[in-house]
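What follows is a short report on a single structure.
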Amino acid sequence: MKVGMLSFAHMHAFSYAKSIVKRHDVELIGIFDDDAERGREVSDQFGVRYYDSLDAFLSTDVEAVIVCSENIKHKPFVIEAARAGKHVLCEKPLATTKKDALEMINVCREEGVQLQTAFPVRYNESMVKAKQAVERGEVGDILSMRGTNRGKNPGGWFVEEEQSGGGAVLDHTVHIIDMMRWLLEDEIEEVYAEVDTFFAEKAIDDAGLMTLKFKNGVLASHDPSWSRSATFPTWGDATIEVIGTKGRIYADAFADYLHVYSNETGYSQPFVGPDMDDRLVEDFIRAVKEDKTVTITGEDGMHAMNVALATYRSAKLHQAVKVEEIGG
Numbered sequence: 001m002k003v004g005m006l007s008f009a010h011m012h013a014f015s016y017a018k019s020i021v022k023r024h025d026v027e028l029i030g031i032f033d034d035d036a037e038r039g040r041e042v043s044d045q046f047g048v049r050y051y052d053s054l055d056a057f058l059s060t061d062v063e064a065v066i067v068c069s070e071n072i073k074h075k076p077f078v079i080e081a082a083r084a085g086k087h088v089l090c091e092k093p094l095a096t097t098k099k100d101a102l103e104m105i106n107v108c109r110e111e112g113v114q115l116q117t118a119f120p121v122r123y124n125e126s127m128v129k130a131k132q133a134v135e136r137g138e139v140g141d142i143l144s145m146r147g148t149n150r151g152k153n154p155g156g157w158f159v160e161e162e163q164s165g166g167g168a169v170l171d172h173t174v175h176i177i178d179m180m181r182w183l184l185e186d187e188i189e190e191v192y193a194e195v196d197t198f199f200a201e202k203a204i205d206d207a208g209l210m211t212l213k214f215k216n217g218v219l220a221s222h223d224p225s226w227s228r229s230a231t232f233p234t235w236g237d238a239t240i241e242v243i244g245t246k247g248r249i250y251a252d253a254f255a256d257y258l259h260v261y262s263n264e265t266g267y268s269q270p271f272v273g274p275d276m277d278d279r280l281v282e283d284f285i286r287a288v289k290e291d292k293t294v295t296i297t298g299e300d301g302m303h304a305m306n307v308a309l310a311t312y313r314s315a316k317l318h319q320a321v322k323v324e325e326i327g328g
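If you want it as structure tokens, here you go:
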């Protein structure tokens, strides 16, 4: 199976590309990036062809593409790829508006291609075991949940709203919201949130706290802030706590690390657990090969994105907001 990379703007592109090149059943055949300097540099790194034309790239016999562009470019890249008959794995957030997400989903459906949202946290071993424990009834009926996805400010285009569509809330809400939806198998009905800029010089949201109500009445909270300092030994966390009538589960996607004390580099916490990016790519490849519906659909990506958009609206209005009222 032949796969291509559509942009290396997002840092996750490197781990996805590495996952592809170490597989024996998949070939990374090329890279398109509208930043020519970046595109040529990464194509040299991976030993594949760089395409400076999207049309030329999509005219090849590549069967699937992985989109890792700036958030605002997800829509045009996904739609162009779908029109060319290519299956798509798209980095999160799926889009920056509900209208764009719906168009992406509909075009992929019309063209008969798969659209998977890149939510690798679902493939983390601790999260998988949390899901299994919930399904076995070990916590009983779920009463509430708490999540965090706190990290460092990534800088670059992530803090340019015209490229990203939003700051920490859009960047770090969708992973945990997807986990909560997956664990509970229900949709978030209402959001109340506070959003602000506490840590950065640039006026983009880098802090937030949200209270969520699911349709079945379960309450949850989430902190998506870019609150980790530059000297913090890891980039951040991704945690979820599930509280039920029979017990409690706590899962931390980045708890599998070593403590390293180096005279040259100081203290660090290198992650040593199973690679969830590998598992994400493997699952996407399997779905395409077997012509099965992808595990994490475009609709999943849109639902998580809508909660982030409702968060912004709630903070602006200083009141609770119904997620279903989020428009284009």
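If you use the UniProt record's numbering, the sequence shown corresponds to residues 1 to 328, in order.
Glycine included, every Cβ here is placed at the ideal spot set by N, Cα and C.
Given the structure is predicted, the values throughout are model-derived calculations rather than measurements.
- [ ] Just the C-alpha distance for Ser314 and Ala193, rounded to the nearest angstrom, thanks.
- [x] As a position in the sequence shown, residue 314 is number 314, starting the count at 1. As a position in the sequence shown, residue 193 is number 193, starting the count at 1. Their Cα atoms are separated by approximately 6 Å.
Task: Run of the alpha helix (DSSP H) containing Ser126, from where it starts to where it stops - done: Taking the sequence shown and counting its residues from 1, the one referred to as residue 126 is at position 126. Glu125 to Glu135 is the span of the alpha helix (DSSP H), which, as asked, contains Ser126.
Task: Residue range of the unbroken beta strand (DSSP E) whose run includes Phe214 - done: As a position in the sequence shown, residue 214 is number 214, starting the count at 1. Ala207 to Phe214 is the extent of the beta strand (DSSP E) around Phe214.
Open item on the list: So Pro93 and Ala308 are supposed to be a Cβ contact under 8 Å. How far apart are they, rounded?
Closed with: Locating residue 93 in the sequence shown gives position 93, counting from the first residue. Locating residue 308 in the sequence shown gives position 308, counting from the first residue. Approximately 7 Å separates the beta-carbon atoms of Pro93 and Ala308; this is inside 8 Å, confirming the contact.
Open item on the list: Checking 8 Å against the spacing of the C-beta atoms, do Lys75 and Glu103 come in under that value?
Closed with: Here residue 75 refers to the residue found at position 75 of the sequence shown. Here residue 103 refers to the residue found at position 103 of the sequence shown. Their beta carbons are under 8 Å apart, which means Lys75 touches Glu103 by this criterion.
TODO: Please list, in chain order, all residues of the same chain as Glu161 whose beta carbon is under 7 Å from its beta carbon, the five residues on each side excluded.
DONE: Within the sequence shown, residue 161 is the residue found at index 161, counting from 1. Counting only Cβ-Cβ distances below 7 Å, and skipping sequence neighbours, we find Ile204.
Task: Per-residue DSSP class, three states only, for His172 - done: As a position in the sequence shown, residue 172 is number 172, starting the count at 1. The answer is helix: DSSP assigns His172 an H, G or I state.
Open item on the list: Using the three-state DSSP reduction, which class does Ile326 fall into: helix, strand or coil?
Closed with: The residue labelled residue 326 in the question sits at position 326 within the sequence shown. Looking at Ile326 - three-state DSSP - the assignment turns out to be coil, as it is neither helix nor strand.
Task: contact_flag[the stretch 261-274, the stretch 82-97] where n(CB pairs < 8 Å) is 3 or more - done: Taking 8 Å as the limit for Cβ pairs, the verdict is that the stretch 82-97 does not touch the stretch 261-274.
- [ ] Just the C-alpha distance for Arg228 and Ala200, rounded to the nearest angstrom, thanks.
- [x] Stepping through the sequence shown from its first residue, residue 228 is reached at position 228. Stepping through the sequence shown from its first residue, residue 200 is reached at position 200. Rounded to whole angstroms, Arg228 and Ala200 show a C-alpha spacing of 11 Å.
- [ ] Give the DSSP-derived three-state secondary structure of Gln319 in the structure shown.
- [x] Working through the sequence shown from its first residue, we reach residue 319 at position 319. Looking at Gln319 - three-state DSSP - the assignment turns out to be coil, as it is neither helix nor strand.
- [ ] Pull up the distance between the alpha-carbon of residue 343 and that of Leu6, whole angstroms please.
- [x] An answer regarding residue 343 cannot be provided, because it is not within the stretch 1 to 328 covered by the chain.
Task: Residues bridged to Leu219 [DSSP beta-bridge criterion] - done: Here residue 219 corresponds to residue number 219 of the sequence shown, with the count starting at 1. Residue pairing by DSSP puts Leu219 in a beta bridge opposite Ser144 and Lys213.
Task: Identity of the residues DSSP links to Gly4 by a beta bridge - done: Residue 4 sits at position 4 when you count from the first residue of the sequence shown. According to DSSP, which records beta bridges pairwise, Gly4 is partnered with Gly30 and Val65.
Open item on the list: Pull the bridge partners of Gln116 from the DSSP assignment, please.
Closed with: Position 116 of the sequence shown, counting from 1, holds the residue named residue 116. Bridge partners of Gln116: Leu89 and Thr297.
Task: Bounding residues of the alpha helix (DSSP H) (the contiguous stretch that carries Val107) - done: Counting from one through the sequence shown, the residue named residue 107 turns up at place 107. Start and end: Lys98 to Glu111.
Open item on the list: Run through the DSSP bridge pairs and tell me what Asp252 is partnered with.
Closed with: Residue mapping note: residue 252 aligns to position 252 of the sequence shown, counting from 1. Thr239.
TODO: Identify, in the order they occur along the chain, each residue of the same chain with its Cβ nearer than 7 Å to the Cβ of Lys202, setting aside the five sequence neighbours on each side.
DONE: Along the sequence shown, one-based indexing puts residue 202 at 202. Once the five neighbours on either side are set aside, the close Cβ partners of Lys202 are Val159.
Open item on the list: Taking contact to mean 3 or more Cβ pairs, one atom from each stretch, closer than 8 Å, check whether the stretch 113-128 and the stretch 25-43 are in contact.
Closed with: The count of Cβ pairs closer than 8 Å, one atom from the stretch 113-128 and one from the stretch 25-43, stays below three, leaving the stretches out of contact.
- [ ] Quick one: using the 10 Å Cβ neighbour count with 16 as the cut-off for buried, is Pro270 buried or exposed?
- [x] Here the question's residue 270 lines up with position 270 in the sequence shown. Residue burial annotation: Pro270 is exposed, with fewer than 16 other C-beta atoms found within 10 angstroms of its C-beta.
- [ ] Could you pull out every unbroken alpha helix (DSSP H) segment of at least 4 residues lying fully inside the stretch 256-283, listed in chain order?
- [x] Whole alpha helix (DSSP H) segments, 4+ residues: zero.
Task: Collapsed DSSP secondary structure at Lys202 in the structure displayed - done: As a first step, residue 202 must be located in the sequence shown, where it is residue number 202. In the three-state DSSP reduction, Lys202 falls in the coil class, being neither helix nor strand.
Task: CB of Ala220 within 8 Å of CB of Ser126, strictly - done: Here the question's residue 220 lines up with position 220 in the sequence shown. Here the question's residue 126 lines up with position 126 in the sequence shown. Cβ atoms of Ala220 and Ser126: not closer than 8 Å.
Open item on the list: Three Cβ pairs or more, each shorter than 8 Å: is that satisfied between the stretch 177-189 and the stretch 133-152?
Closed with: Cβ pair count under 8 Å is three or more, so yes.
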